[in-house]
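This is the structure we're talking about:
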């Protein structure tokens, strides 16, 4: 994902440009992260995990003797 469309969208919506090189690098890092997350789409399912904290505690509890 090229950060240039992101920079254009920021300018269009808020009227500002990234203030410095660090901001542009951050946008590029963000684009890479989005690509990695998109690659995982469909590989994880909510139904495979506890739906709340109490359920997570129950699933991790050691069996009582």
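Numbering (my numbering), first residue to last: 327 to 391.
We treat Cβ as the ideally placed atom computed from N, Cα and C, and that holds for glycine.
Which residue comes first and which comes last in the alpha helix (DSSP H) that contains residue i?
| i | result |
| --- | --- |
| residue 361 | 347-365 |
| residue 387 | Careful: residue 387 lies outside any alpha helix (DSSP H) and carries neither H nor E. |
If you run the structure through DSSP and keep just helix, strand and coil, what is residue i?
| i | result |
| --- | --- |
| residue 342 | coil |
| residue 332 | helix |
Just the Cα atoms here: how many angstroms apart are residue i and residue j?
| i | j | result |
| --- | --- | --- |
| residue 392 | residue 342 | Only positions 327 to 391 of the chain appear in the structure, and residue 392 is not among them; the question remains open. |
| residue 389 | residue 379 | 18 Å |
| residue 334 | residue 345 | 14 Å |
| residue 331 | residue 357 | 11 Å |
Would a check of beta-carbon distances place residue i closer than 9 Å to chain D?
| i | result |
| --- | --- |
| residue 340 | Going by chain labels, chain D is absent from the structure shown, which holds only one protein chain. |
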